[in-house]
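Here's the structure we're looking at; comments come further down.
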Amino acid sequence: MSLDSLIAFVVLSAASFGAASTGAIFRPGEWYAALRKPSWVPPNWLFAPAWTVMYVLMAVAAFLVWTFGEGPAVLSALAVYAVQLVLNALWSPVFFGRRSLGGGVVVVLALWLAVLSTTLLFLQVNDWAGLLFLPYLAWVTFASALTVTVWRLNRTGD
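Under the working numbering, the first residue of the sequence shown carries the number 57, and numbering increases by one thereafter.
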């Protein structure tokens with residue numbers, strides 16, 4: 057691996073796990089425990105390992121796009137990737153930090169659109185990068201359904 061590739065991998069990994077850090081700072085806590093949730097909500101302990109896998113897949117996919125992509129499609133794909141990282145990083149502070157269920161819905165639905173867009177753009181640049189984003193798209197689809205359901209079950213004018 058060249059020095060440029062190593063630097064790119066470190067930067068893309070740091071960006072991915074930088075987004076993850078907000079989930080470590082803004083935790084569910086007692087407020088979330090007291091909310092009404094659907095019967096299909098997974099246990100809290102499952103979220104950290106699931107998200108860890110997603111952040112690793114995101115970083116590897118972005119690295120593949122950076123390394124093997126060519127032309128303006130790479131910049132477009134990585135720009136949308138950056139947008140989805142920002143939205144990903146915003147969800148925990150909005151939902152858990154501000155305790156805004158409605159805000160969490162807005163962020164997660166925007167995130168879902170950004171992840172879908174990133175997946176499609178990554179597929180155009182590198183097949184493996186796009187395929188590596190599919191589990192993340194599935195997980196964000198589930199997270200979106202969960203966020204919307206929690207909001208609906210606990211709506212109080214948020």
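Note that the Cβ used here is the ideal one computed from N, Cα and C, for glycine as well.
Residue of Phe103, Val66, Ala199 minimising C-alpha distance to Ala115 | Your numbering for residue 115 matches position 59 in the sequence shown. Of the listed residues, the one whose Cα sits closest to Ala115 is Val66.
Out of Trp147, Ser69, Leu91, Leu131, state which residue places its alpha-carbon closest to the alpha-carbon of Val112.
-> The residue labelled residue 112 in the question sits at position 56 within the sequence shown. It is Ser69 whose Cα lies nearest to the Cα of Val112.
If we ignore side chains and look at the alpha-carbon of each, how far apart do Phe103 and Ser61 end up?
-> Taking the sequence shown and counting its residues from 1, the one referred to as residue 103 is at position 47. Taking the sequence shown and counting its residues from 1, the one referred to as residue 61 is at position 5. Each residue's alpha carbon lies about 31 Å from the other.
Cβ-Cβ separation, Leu190 to Ala170 (assumed contact under 8 Å), whole Å | In the sequence shown, the residue the question calls residue 170 occupies position 114. In the sequence shown, the residue the question calls residue 190 occupies position 134. Not quite, the Cβ-Cβ distance comes to about 15 Å (not below 8 Å), so this is no contact.
Under a Cβ-count criterion, where at least 16 other Cβ atoms within 10 Å of its own Cβ denotes burial, should Ser200 be classed as buried or exposed?
-> In the sequence shown, counting from the first residue as 1, residue 200 sits at position 144. The residue in question, Ser200, is buried, as its Cβ has 16 or more Cβ neighbours within 10 Å.
Inter-residue spacing [alpha-carbon to alpha-carbon] between Leu141 and Ala71 | Here residue 141 refers to the residue found at position 85 of the sequence shown. Here residue 71 refers to the residue found at position 15 of the sequence shown. Approximately 8 Å, taken between the alpha carbons.
So which of Thr197, Val161, Trp147 has the shortest CA-CA distance to Asn210?
-> The residue you call residue 210 lines up with position 154 of the sequence shown. The residue with the shortest Cα to Cα distance from Asn210 is Val161.
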